[in-house]
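For the sequence shown, the numbering used here assigns the number 658 to the initial residue and increments by one for each residue that follows. Think of the CB as a built atom: it goes at the ideal place given N, C-alpha and C, for glycine as much as any other residue.
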Amino acid sequence: MNIRGYKPVKIGFGIPKEPVQKERTYIMIKPDGVQRGIIGNIITRFETRGFKMIAMKFCKPGQAMFEKHYSDLAGRPFFPRLVKWAASSPVCCMVWEGTNVVLTGRKMLGATKPFDSEPGTIRADFCIDVGCNVIHGSDSVESANKEIALWFPKEELVDWEMVSHAWVYE
């Protein structure tokens, strides 16, 4: 105890009580988000939340890549327009890691239709129309693994220790 009656609490720096489940998600800032210059705002939200970026690239991949990425929507009437639009401008592709990052990331993005998004989500704060909803995020761990493998070779995924880990996870 010190002079003011405060007893310091010892915390286990870098030693979690239980093993932390590492989960990864794929997040892509779409052409409208890139063109509006909000990449930094979106990265800040994920960093502030405590997630760790393990890969990022800025690219203009073309229609063939977006046909693969959105293959689950291939039968929908808007598919050709979606692929053409997605390939029209650069995108910012990222992989984030952390506990429940897929589900939490989806909550941070907000609903696909911006007007259905909760206040404080990325889409509620930055979007008006569903056709310009700024960002894509994996909807499941399985989708995340598939999307990460599509966009990033394994050697581009950087495994590193975040010094703030002990301040984010108990």
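In angstroms with no decimal places, state the Cα-to-Cα distance between Met765 and Arg733.
-> The residue given as residue 765 occupies position 108 in the sequence shown. The residue given as residue 733 occupies position 76 in the sequence shown. Their backbone Cα atoms lie some 26 Å apart in a straight line.
Ala744, DSSP secondary structure in three states = Here residue 744 is taken as the residue at index 87 of the sequence shown, counted from 1. In this structure, Ala744 counts as coil in the three-state DSSP scheme.
With a 10 Å radius around its C-beta and 16 neighbouring C-beta atoms as the bar for buried, classify Pro771 as buried or exposed.
-> As a position in the sequence shown, residue 771 is number 114, starting the count at 1. Buried: at least 16 other Cβ atoms inside 10 Å.
List the endpoints of the continuous alpha helix (DSSP H) containing Gly707.
-> In the sequence shown, counting from the first residue as 1, residue 707 sits at position 50. Element bounds for Gly707: n/a, residue is neither H nor E.
Using DSSP bridges, identify the partner residues of Phe715.
-> The sequence position of residue 715 within the sequence shown is 58, counting from 1. Answer is Cys749, bridged to Phe715.
Identify the continuous beta strand (DSSP E) that holds Ile686 and give its terminal residues.
-> By one-based count along the sequence shown, residue 686 stands at place 29. Here the beta strand (DSSP E) through Ile686 covers 680 to 686.
Answer with yes or no whether the minimum CB distance from Leu760 to chain C is below 8 Å.
-> The structure shown contains no chain C; it holds only a single protein chain.
Selected residue, minimal CA-CA separation from Ala712, among Gln720, Ile684, His726 | In the sequence shown, counting from the first residue as 1, residue 712 sits at position 55. It is Ile684.
Cβ-based neighbour list, Val815, same chain, cut-off 8 Å, excluding 5 preceding and 5 following = Residue numbering aside, residue 815 sits at position 158 when the sequence shown is read from its first letter. Correct list, in chain order: Ile711, Ala712.
Select from Asp786, Gly762, Met819 the residue whose C-alpha is nearest the C-alpha of Asp773.
-> One-based indexing of the sequence shown puts residue 773 at position 116. Minimum Cα distance to Asp773 is reached at Asp786.
Grouping DSSP H, G and I as helix and E and B as strand, with all else coil, what is Gly755?
-> If you number the sequence shown from 1, residue 755 lands on position 98. In the structure shown, Gly755 sits in a strand (DSSP, three-state: E or B).
Mapping DSSP to helix, strand and coil, what is Pro665?
-> Here the question's residue 665 lines up with position 8 in the sequence shown. Any reading at Pro665 must be qualified, since the residue scores a pLDDT of 49, below 50, and its modelled position is unreliable; no value is offered.
In its own chain, which residues sit with a C-beta less than 7 Å from the C-beta of His720, not counting the 5 before and 5 after it?
-> Numbered from 1 along the sequence shown, position 63 holds the residue referred to as residue 720. The question names His, but residue 720 in the sequence shown is Gln. Cβ within range, chain order: Val740, Lys741, Ala744.
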